[in-house]
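Chemist: Numbering (the numbering used here), first residue to last: 681 to 932. Have a look at this one.
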Ligand code: PGA
């Protein structure tokens, strides 16, 4: 059984003060999530991470939105996996389409980041997904398959099972134009088949989330799909009330 996972990606939003105020209502959500076997978490900016760690109720997953693949050294502006671990972060989003687009992040670089995170015992949340152009050309499957193969290349089954995948079609991110549950399930099933080809039965244990304009009103439809194990949520994770409704939509 794969545990469901709701992860809020705050992107470049919330000061430490705003993060603290969000957390005030989150305590009761954790017991609700726990009683339904759901993991919940948020990915604040690096600057807000300490405030979140200090104020988070026990069990809330705290993720970073990026990590550098090197341990330390002359990489101005970067943060490494050992540094994240040292402060208590347990998960890191990598390969988000906004970083691929604006920061030149590639799937092969994400492979290095996966290795760096696993070495520290951190969970990589590896994002993949196609552009509108690729989607309209009907090339989603081959494009996303390549992203998955490049990032997972050479991992052992033991390593692969620790990685979380998030399928986020770029045309659905922040646009309000979510992929239908059928489209999301279709691509996520394809990803699972690629992982099965690479790692055999371990693929059944790898969690694959959907992301892209997930809202309280549509989360239930995604969670009704057999291969979708949760959601990576941007905009709708910023407001505590909306975050609560997302969780309720996932479990009820
Ligand atoms: P969105 O963002 O929910 O605002 O579309 C999702 C993401 O980028 O992770």
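C-beta atoms are modelled at their ideal positions from N, C-alpha and C, and glycine is treated no differently. This structure is a prediction, so every number in the text was calculated from the model and none was measured.
(1) At which residues does the beta strand (DSSP E) containing residue 686 begin and terminate?
(2) Just to confirm before moving on: does the CB-CB distance between residue 709 and residue 761 stay below 8 Å?
(3) According to DSSP, which residues form a beta bridge with residue 919?
(4) In three-state terms, what does DSSP make of residue 901?
(5) For residue 901 and residue 823, what's the separation of their Cα atoms in angstroms?
(6) Quick one: Cα of residue 918 to Cα of residue 722, how far?
(7) Opposite residue 719 in the DSSP bridges: which residues?
(8) Quick check on this structure: which residue in 836, 873 and 757 has the alpha carbon closest to the alpha carbon of residue 964?
(9) Looking at C-alpha atoms only, which residue of 865, 789 and 766 is the closest neighbour of residue 730?
(10) Opposite residue 748 in the DSSP bridges: which residues?
(11) Does the Cβ of residue 744 lie closer than 7 Å to at least one heavy atom of the ligand PGA?
(12) Beta-carbon separation of residue 810 and residue 849 under 8 Å?
(13) Can you check which of these residues, 844, 864, 775 and 892, is closest to residue 852 by C-alpha distance?
(14) Mind checking whether the beta-carbon of residue 860 lies closer than 7 Å to any heavy atom of the ligand PGA?
(15) Measure the alpha-carbon distance for residue 742 versus residue 926 and round it to whole angstroms.
(16) Are three or more beta carbon pairs between the stretch 781-794 and the stretch 744-751 nearer than 8 Å?
Modeler: Per the coordinate set shown:
(1) 684-689
(2) no
(3) Answer is none; residue 919 lacks a bridge partner.
(4) helix
(5) 25 Å
(6) 9 Å
(7) 685
(8) Not covered by the structure: residue 964. The range shown for the chain is 681 to 932.
(9) 766
(10) 760
(11) no
(12) yes
(13) 892
(14) no
(15) 17 Å
(16) yes
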